[in-house]
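Peer 1:
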Amino acid sequence: MNIIEFLNRPLALEGGRASSLAKEIMASDRRMLADMGARASPNSETYDDIAVIEIKGILVPGDFCYSGWACGYGYIRNQLAKAVNDSSISKIVLVIDSPGGVASGCFDLSDVIYKIRSVKPVIAICDDSAYSAAYAIASAANVVTVPRAGGVGSIGVITMHTDITKALDQDGIKITTITYGSYKGETAPTTPLSEGALGRIQADVDFLGELFVEQVARNRNLSAQKIRNMEAGTFLGPHGFDAGLADFVMSADEAFLFTREFKGK
Numbered sequence: 238m239n240i241i242e243f244l245n246r247p248l249a250l251e252g253g254r255a256s257s258l259a260k261e262i263m264a265s266d267r268r269m270l271a272d273m274g275a276r277a278s279p280n281s282e283t284y285d286d287i288a289v290i291e292i293k294g295i296l297v298p299g300d301f302c303y304s305g306w307a308c309g310y311g312y313i314r315n316q317l318a319k320a321v322n323d324s325s326i327s328k329i330v331l332v333i334d335s336p337g338g339v340a341s342g343c344f345d346l347s348d349v350i351y352k353i354r355s356v357k358p359v360i361a362i363c364d365d366s367a368y369s370a371a372y373a374i375a376s377a378a379n380v381v382t383v384p385r386a387g388g389v390g391s392i393g394v395i396t397m398h399t400d401i402t403k404a405l406d407q408d409g410i411k412i413t414t415i416t417y418g419s420y421k422g423e424t425a426p427t428t429p430l431s432e433g434a435l436g437r438i439q440a441d442v443d444f445l446g447e448l449f450v451e452q453v454a455r456n457r458n459l460s461a462q463k464i465r466n467m468e469a470g471t472f473l474g475p476h477g478f479d480a481g482l483a484d485f486v487m488s489a490d491e492a493f494l495f496t497r498e499f500k501g502k
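Add 237 to the 1-based position in the sequence shown for my numbering, that's all there is to it.
1. Straight-line CA distance for Gly-477 to Thr-424?
2. Around the C-beta of Ile-415, are 16 or more other C-beta atoms found within 10 angstroms, so that it is buried, or is it exposed?
3. Give the straight-line distance between the Cα atoms of Val-442 and Gly-338, rounded to the nearest whole angstrom.
4. In angstroms with no decimal places, state the Cα-to-Cα distance between Val-330 and Asp-484.
5. I'd like the list of long-range same chain contacts for Leu-430, defined as Cβ closer than 6 Å, with 5 residues on each side in sequence excluded.
6. Which residues bound the beta strand (DSSP E) around Lys-328?
7. Assign Asn-456 to buried or exposed, taking buried as 16 or more other Cβ atoms, counted over all protein chains shown, within 10 Å of its Cβ.
8. Looking only at its own chain, which residues have a Cβ that is under 7 Å from the Cβ of Thr-471, when we skip the five neighbours before and after it?
9. Would you check if the distance between the CB atom of Val-289 and the CB atom of Val-321 is smaller than 9 Å?
10. Could you have a look at Met-487 and say whether DSSP puts it in helix, strand or coil?
11. On the three-state DSSP scale, how would you describe Leu-270?
12. To test your reading of the DSSP string, which unbroken alpha helix (DSSP H) runs of 4 or more residues are found completely within the segment 299-327?
13. Do you know how far the Cα of Pro-384 is from the Cα of Val-349?
14. What's the C-alpha gap between Asp-272 and Cys-302?
15. Should Asp-408 be labelled buried (16 or more other beta-carbon atoms within 10 Å of its own) or exposed?
16. Can you pull the DSSP bridge partners for Ala-361?
17. Is the beta carbon of Ile-362 closer than 9 Å to that of Ser-335?
18. Hey, how far is the Cα of Gly-481 from the Cα of Trp-306?
19. I think Ala-375 touches Ile-333, with their Cβ atoms under 8 Å apart; what is that distance to the nearest whole Å?
20. In this structure, what does DSSP give as the bridge partners for Gly-446?
21. Cutting at 7 Å between CB atoms, please list the residues of its own chain near Ile-464, excluding the five before and the five after it.
22. Taking the alpha-carbon of Tyr-310 as reference, which of Glu-498, Glu-447 and Gly-294 has the nearest alpha-carbon?
23. Buried or exposed: which applies to Asp-266, given that a residue is buried once 16 or more other Cβ atoms fall within 10 Å of its Cβ?
24. On the CB-based measure, 16 or more other CB atoms within 10 Å of its CB, does Pro-475 come out buried or exposed?
25. Please state whether DSSP places Tyr-417 in a helix, a strand or coil.
26. In its own chain, which residues sit with a C-beta less than 7 Å from the C-beta of Cys-343, not counting the 5 before and 5 after it?
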């Protein structure tokens, strides 16, 4: 998935991170992709009867995990399945530090965690922050912890349309788009975005945004309107607790100690 494909998809990603991510990837795309391959590593461990699954970096569809950079929803689902099916595991810890990622896949994974938490306790430890898609995942746990200077929230959806038509004009390049179906290609970066296309994109974003709101409302036992009123805002630790998005404000180390004593579901 290249940068244009990524940014042209609906993202459950903290807003500021979306724009900075574009600059980062375009500036060092090849270097980062090579580095990702070199650093691919398992992100799950077992401590006594506790399965610990790290969820760090940008969240995307796929069955892979590149330490610190990107984590696939399929990979997380597979690690959860192993923990659930392992009779020696009594609790599951999700260690999360992520600005979010692609909307597609995160809500289904949130549903999986929501079901698992009635079988084995799931504790989401924000080892700094869980924003947007990462919060959709965290919110499905039995318990969410966040450090004082960490953050939760950004319950919203964002997408971008990249228009490169002026750049092509300046380089003397003309693109002719030939399609079957009037909507085909309407969001291509080589085509100016029409009002109709903008309206259809907004409708998709609104649909996913409402899905996100309803999911978090269910997971956290909050009203959907309360979530909407947050307007996709982000909340530092104590404010996240006050908003009902976290159960405890504590460091990751304190949260691990808490997990060892946690008995409930």
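Ideal placement from N, C-alpha and C gives every residue a C-beta, glycine not left out.
Peer 2: Once the coordinates are examined:
1. The residue labelled residue 477 in the question sits at position 240 within the sequence shown. The residue labelled residue 424 in the question sits at position 187 within the sequence shown. Each residue's alpha carbon lies about 36 Å from the other.
2. For this step, residue 415 is matched to residue 178 along the sequence shown. By the neighbour-count rule (16 or more Cβ atoms within 10 Å), Ile-415 is not buried but exposed.
3. In the sequence shown, the residue the question calls residue 442 occupies position 205. In the sequence shown, the residue the question calls residue 338 occupies position 101. For Val-442 and Gly-338, the distance between alpha carbons rounds to 14 Å.
4. Position 93 of the sequence shown, counted from the start, is the residue given in the question as residue 330. Position 247 of the sequence shown, counted from the start, is the residue given in the question as residue 484. Their Cα atoms are separated by approximately 15 Å.
5. As a first step, residue 430 must be located in the sequence shown, where it is residue number 193. Answer for Leu-430: His-398, listed in chain order.
6. Walking along the sequence shown from the start, residue 328 turns up at place 91. Residues 328-335.
7. Residue 456 sits at position 219 when you count from the first residue of the sequence shown. Asn-456 is buried by the Cβ-count criterion.
8. Position 234 of the sequence shown holds residue 471. Contacts found: Glu-251, Tyr-368, Gly-388, Gly-390 and Ser-391.
9. In the sequence shown, residue 289 corresponds to position 52, counting from 1. In the sequence shown, residue 321 corresponds to position 84, counting from 1. No. Outside cutoff.
10. By 1-based counting over the sequence shown, the position of residue 487 is 250. Here Met-487 sits in coil by DSSP.
11. Reading the sequence shown from its first residue, position 33 is the one you call residue 270. Annotation note: pLDDT 47 at Leu-270 (below 50); position unreliable, coordinate value reported separately. Three-state result, Leu-270: helix.
12. 310-322
13. Here residue 349 refers to the residue found at position 112 when the sequence shown is read from its first residue. Here residue 384 refers to the residue found at position 147 when the sequence shown is read from its first residue. Going from the Cα of Val-349 to the Cα of Pro-384 covers about 25 Å.
14. For the purposes of this step, residue 272 is taken as residue 35 along the sequence shown, with counting starting at 1. For the purposes of this step, residue 302 is taken as residue 65 along the sequence shown, with counting starting at 1. At Asp-272 the pLDDT is 49, less than 50, meaning the model places this residue with poor confidence; the figure from the coordinates comes in the next sentence. Between Asp-272 and Cys-302, the C-alpha separation is close to 13 Å.
15. Counting from one through the sequence shown, the residue named residue 408 turns up at place 171. That one is exposed.
16. Taking the first residue of the sequence shown as 1, we reach residue 361 at position 124. Looking at the DSSP assignment, Ala-361 forms a beta bridge with Leu-331 and Val-381.
17. For the purposes of this step, residue 335 is taken as the residue at position 98 of the sequence shown. For the purposes of this step, residue 362 is taken as the residue at position 125 of the sequence shown. Result no, Cβ atoms of Ser-335 and Ile-362 do not sit closer than 9 Å.
18. Walking along the sequence shown from the start, residue 481 turns up at place 244. Walking along the sequence shown from the start, residue 306 turns up at place 69. Roughly 29 Å between the two C-alpha positions.
19. The residue labelled residue 375 in the question sits at position 138 within the sequence shown. The residue labelled residue 333 in the question sits at position 96 within the sequence shown. Yes, they are in contact, since the Cβ atoms of Ala-375 and Ile-333 sit about 5 Å apart, within 8 Å.
20. Taking the first residue of the sequence shown as 1, we reach residue 446 at position 209. According to DSSP, Gly-446 bridges with nothing at all.
21. Counting from one through the sequence shown, the residue named residue 464 turns up at place 227. Taken in chain order, the residues that qualify are Ile-392, Val-450, Val-453 and Ala-454.
22. By one-based count along the sequence shown, residue 310 stands at place 73. Among Glu-498, Glu-447 and Gly-294, the Cα nearest to that of Tyr-310 belongs to Gly-294.
23. The count along the sequence shown starts at 1 and reaches residue 266 at position 29. With a pLDDT of only 46 at Asp-266, under 50, the local geometry of the prediction cannot be trusted, and the value read off the model is given with reservation. It is exposed - the Cβ of Asp-266 has fewer than 16 other Cβ atoms within 10 Å.
24. For the purposes of this step, residue 475 is taken as residue 238 along the sequence shown, with counting starting at 1. So Pro-475 ends up on the exposed side.
25. On the sequence shown, position 180 is the one that residue 417 refers to. Coil at Tyr-417, not helix or strand.
26. For the purposes of this step, residue 343 is taken as residue 106 along the sequence shown, with counting starting at 1. Same-chain partners within the cutoff: Ala-249, Leu-296, Tyr-310, Ala-370, Ala-373 and Ile-374.
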